[in-house]
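Read the structure below first, then the notes.
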Amino acid sequence: MTFHKGFVYLTRMDANIVTSCFVNRYGHFENCKDIINVLLPSSIQFFNNYAYVMSNSNLLKIYQTHIDGSLHIKKN
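Okay, here's the thing in C-alpha coordinates:
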(Lines of atoms letter the chains of each structure in order from A; the text may use other names.)
(Lines give C-alpha, C1' and ligand atoms only; values in the text may rest on other atoms or scores of the structure.)
Protein backbone atom coordinates (compact mmCIF):
# COMPACT_ATOMS: atom_id res chain seq x y z
CA MET A 0 0.00 0.00 0.00
CA THR A 1 1.32 3.42 -1.01
CA PHE A 2 -0.19 6.89 -0.65
CA HIS A 3 0.27 9.55 -3.34
CA LYS A 4 -1.57 12.87 -3.92
CA GLY A 5 -4.74 11.99 -2.01
CA PHE A 6 -4.98 8.44 -3.32
CA VAL A 7 -4.00 5.06 -1.95
CA TYR A 8 -2.57 2.47 -4.34
CA LEU A 9 -2.93 -1.18 -3.42
CA THR A 10 -0.94 -3.94 -5.10
CA ARG A 11 -3.13 -7.02 -5.22
CA MET A 12 -1.13 -10.15 -5.97
CA ASP A 13 -4.29 -12.26 -5.61
CA ALA A 14 -5.87 -10.53 -8.61
CA ASN A 15 -2.77 -9.36 -10.57
CA ILE A 16 -3.85 -5.71 -10.44
CA VAL A 17 -3.12 -2.38 -8.83
CA THR A 18 -6.16 -0.69 -7.31
CA SER A 19 -6.50 3.04 -6.69
CA CYS A 20 -8.81 4.60 -4.08
CA PHE A 21 -9.48 8.21 -3.14
CA VAL A 22 -8.77 8.86 0.56
CA ASN A 23 -11.49 11.09 2.04
CA ARG A 24 -10.99 13.57 4.87
CA TYR A 25 -11.87 10.87 7.43
CA GLY A 26 -9.22 8.50 6.08
CA HIS A 27 -11.74 6.17 4.43
CA PHE A 28 -11.14 4.78 0.95
CA GLU A 29 -13.71 5.76 -1.71
CA ASN A 30 -14.25 5.23 -5.44
CA CYS A 31 -11.82 2.32 -5.68
CA LYS A 32 -11.03 1.10 -9.17
CA ASP A 33 -8.64 -1.36 -10.74
CA ILE A 34 -6.21 0.68 -12.79
CA ILE A 35 -3.44 -1.53 -14.15
CA ASN A 36 -2.87 -5.24 -14.74
CA VAL A 37 0.52 -6.52 -13.61
CA LEU A 38 1.44 -10.13 -12.97
CA LEU A 39 1.91 -10.55 -9.19
CA PRO A 40 2.42 -6.86 -8.28
CA SER A 41 4.36 -6.73 -5.02
CA SER A 42 5.05 -3.02 -4.51
CA ILE A 43 4.54 0.42 -5.98
CA GLN A 44 6.59 3.60 -5.49
CA PHE A 45 6.31 7.10 -6.95
CA PHE A 46 9.18 9.28 -8.17
CA ASN A 47 9.32 12.25 -10.59
CA ASN A 48 5.73 11.82 -11.84
CA TYR A 49 6.23 8.13 -12.56
CA ALA A 50 4.97 5.09 -10.74
CA TYR A 51 7.20 2.05 -10.51
CA VAL A 52 5.37 -1.23 -10.03
CA MET A 53 7.41 -4.30 -9.14
CA SER A 54 6.20 -7.67 -10.40
CA ASN A 55 7.10 -10.65 -8.25
CA SER A 56 6.71 -13.11 -11.13
CA ASN A 57 9.41 -15.51 -12.31
CA LEU A 58 10.69 -12.78 -14.63
CA LEU A 59 10.90 -10.14 -11.83
CA LYS A 60 10.08 -6.96 -13.77
CA ILE A 61 9.68 -3.34 -12.76
CA TYR A 62 7.15 -1.36 -14.78
CA GLN A 63 7.54 2.40 -15.22
CA THR A 64 4.19 4.08 -15.61
CA HIS A 65 3.07 7.70 -16.15
CA ILE A 66 0.66 8.98 -13.50
CA ASP A 67 -2.06 11.62 -13.28
CA GLY A 68 -4.11 10.48 -10.26
CA SER A 69 -4.48 7.12 -11.96
CA LEU A 70 -1.96 4.98 -13.80
CA HIS A 71 -1.67 4.56 -17.55
CA ILE A 72 0.81 3.89 -20.38
CA LYS A 73 2.61 0.85 -19.00
CA LYS A 74 6.23 0.32 -20.05
CA ASN A 75 8.68 -2.48 -19.22
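Heads up: the sequence shown begins at 0 in numbering that gives the first Met the number 0, then just goes up one per residue. No residue lacks a Cβ here, since even glycine has one placed at the ideal position from N, Cα and C.
Asked: DSSP three-state assignment for Y25, whether helix, strand or coil; Found: coil
Asked: Element boundaries [beta strand (DSSP E), containing S54]; Found: Y49 to S54
Asked: Minimum Cβ-Cβ distance from L39 to chain C less than 8 Å; Found: Absent from the structure is chain C; it holds one protein chain and no more.
Asked: Cross-strand partners of V17 (DSSP beta bridge); Found: T10 and I35
Asked: Cβ-based burial, S54 [other Cβ within 10 Å; buried from 16]; Found: buried
Asked: I34 vs V17 beta-carbon contact at 8 Å; Found: yes
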